[in-house]
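First the structure, in the form of structure tokens, and then the observations on it.
Residue numbers (the numbering used here): 1274 to 1547.
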């Protein structure tokens, strides 16, 4: 009889443990979707963060839509995505509409030329003069005798906004081409030996040449210490008073955590908090 009572007691205990275990697993597990939308310059860092996050959260479906900073900000205003991505700070009027920014990282904007271009360095003033049409020939800055083909981004681009505000060329740039993505700028400069463009440092590869600016090479270290002057923030955009879903909050928390810093650094940008 004692053996029978003992066996029944053990079965009851195991049942309680199993139920407790099942309850805790369901409580801790986060499922759902996370949609991000915006800056094409943030593709590498957001893609890397999303890949690591989803590998650790298999019940969450993470998506990134590279539409440009302006579109990402607009998507948050309209409520069509969870987290907006902007490669510029929010403007006062955007903040007045209830949008909030959280700086994820800092990125240099590299001034790029064709790999065969002999020019190695430009000052910010020279860059501004090239983009406003005061300097039109490469020979004026130490290059060959050839017309400079000026490439820029489309209106609404966070990269364009950052570049023009730093170089003081807002609404005065004279562009040969306006392109809609970082990749397009790099590809165009790669294929034209007389072109100049600008692109996220995190996206620049050895198919083009990143110029030093005022003698300072663009790098994670020079962005962090502030010696490379053409730089801007990478921003996560949310809406004040609008609660994120559990899945979106989990990604947001991960992106801003210490665990994410090595991933951000590997993507070529500088975490906002070192």
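A virtual CB, placed ideally from N, CA and C, is assigned to each residue, including glycine.
In the same chain as residue 1402, and ignoring 5 residues on each side of it, the C-beta atoms closer than 8 Å to its own belong to 1408, in chain order. Its Cα nearest to that of residue 1479, the residue 1385 stands out among 1425, 1510 and 1385. Residue 1448 and residue 1421 do not touch by the CB rule: their CB atoms are close to 11 Å apart, not below 8 Å. Taking the Cα positions, residue 1373 is about 29 Å away from residue 1331. For residue 1361, the three-state secondary structure derived from DSSP is coil. Bridge partners of residue 1333 according to DSSP: 1305.
Between the region 1476-1490 and the region 1450-1462, the count of C-beta pairs closer than 8 Å reaches three or more; the two stretches touch. If the five residues before and after residue 1486 are omitted, its C-beta is found closer than 8 Å to the C-beta atoms of 1384, 1394, 1395, 1396, 1397, 1400, 1501, 1502 and 1503, all from its own chain and listed in chain order. Of the candidates 1437, 1319 and 1303, 1319 places its Cα closest to the Cα of residue 1541. For residue 1471, the enclosing beta strand (DSSP E) begins and ends at 1468-1473.
Straight across, the Cα-Cα distance linking residue 1490 with residue 1507 is about 20 Å. The DSSP-derived three-state label of residue 1449 is coil. Taking the Cα positions, residue 1317 is about 27 Å away from residue 1443.
By the C-beta density criterion, residue 1417 is exposed, having fewer than 16 other C-beta atoms within 10 angstroms.
Only residues of its own chain outside the window of five on either side were considered, and among them 1544 have a CB closer than 7 Å to the CB of residue 1534, listed in chain order. Of all alpha-carbon atoms in 1431, 1323 and 1348, the one lying nearest the alpha-carbon of residue 1505 is that of 1431. Under the three-state reduction of DSSP output, residue 1407 falls in the coil class, being neither helix nor strand. Per DSSP, reduced to three states, the secondary structure at residue 1535 is helical. As for any beta strand (DSSP E) of minimum length 3 sitting wholly inside the region 1481-1536, the runs are 1481-1483 and 1504-1512, ordered along the chain. The C-beta distance from residue 1528 to residue 1377 rounds to 6 Å, short enough to fall under 8 Å.
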